[in-house]
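Here the structure comes first, spelled out in structure tokens, and everything after it is commentary.
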Amino acid sequence: MLPIHSHHCQAVPPERLELNAAEKRLLAAEEAARGCRLQEMRKLPLYDMCFACGEANPIGLHLHFFLLPGEDGCLAFFTPRPEHQSYNGRMHGGLITVLLDEIMGNYLFMKEGTPAYTARIDLRFREPVRIGATIRCVGRETKRKGRLVVMEGQIVTEDGTIAAEAVSHMMMEKEQPK
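So the sequence shown is residues 79 to 256, counted in my numbering.
Here's what the structure looks like:
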């Protein structure tokens, strides 16, 4: 396994993070449980229109991804707003799928420095995600064979309930000849 490129991570003081109060609280709890400050995986300006993390995308989710030390994975926090709902008070399942796809694919992109494409994703929705309730999005690499990488993702509510989970087979982009 290749290490995360050091230029892809940055320690960001909590007061400079663009997270809401609940997201900052969950990040602080995660850091306290791990005994260290989590490094944010740096956003690349080339992809500032990315729907998940792009800062320039006016309708984007504006996610911040944090490296999980000692693990092959990362996490993000998200608080769905009314515009993210399907049935009243519940987050749209398609957007939950986006969160899972991004937490798995973005980790690989940052780790490898090359895009990873979802070849297959198997999802299980277990509990509704409530509008206004902050969730943890966790992605971990579990297996690799050549360019094919198997990832697992979870959406976890504040009380620790797994609301959704996925296994994704991601295909790393072929290296371009130099």
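Note that the Cβ used here is the ideal one computed from N, Cα and C, for glycine as well.
query                                                                                     : result
Given R168 as reference, the closest of I181, A211 and C128 once Cα atoms are compared    : A211
Alpha carbon of R225 to alpha carbon of G183, nearest angstrom                            : 13 Å
For A194: DSSP bridge partner residues                                                    : M250
C-alpha gap between V90 and Q117, whole angstroms                                         : With a pLDDT of 42 at V90, under the threshold of 50, the modelled position of this residue cannot be trusted; read the value that follows with caution. Their backbone Cα atoms lie some 7 Å apart in a straight line.
First and last residue of the uninterrupted beta strand (DSSP E) at R225                  : Here R225 belongs to no beta strand (DSSP E), and DSSP marks it neither H nor E.
Nearest candidate by alpha-carbon position, reference H162, set V207, D237, V227 and G238 : V207
Cβ-based burial, Y195 [other Cβ within 10 Å; buried from 16]                              : exposed
Distance CB(G231)-CB(I174) smaller than 7 Å                                               : no
Three-way DSSP call (helix, strand, coil) for L177 in this model                          : helix
DSSP three-state assignment for H214, whether helix, strand or coil                       : The sequence shown places Arg at residue 214, not His. In the structure shown, R214 sits in a strand (DSSP, three-state: E or B).
Residues near K252 by beta carbon distance below 8 Å, same chain, minus five either side  : R225
Burial state of H83, where buried means 16 or more other Cβ atoms lie within 10 Å         : Any reading at H83 must be qualified, since the residue scores a pLDDT of 44, below 50, and its modelled position is unreliable; the value itself is stated next. Counting Cβ neighbours within 10 Å, H83 comes out exposed, since fewer than 16 surround it.
First and last residue of the uninterrupted beta strand (DSSP E) at P153                  : Strictly speaking, residue 153 in this sequence is Leu, with Pro absent from that position. G151 to F156 is the span of the beta strand (DSSP E), which, as asked, contains L153.
Sheet register partners of Q163 (DSSP bridge)                                             : M169
Length of the line joining the Cα atoms of E190 and E205                                  : 33 Å
Buried/exposed call for R291, threshold 16 Cβ in 10 Å                                     : There is simply no residue 291 to check, as the chain begins at 79 and stops at 256 in what is shown.
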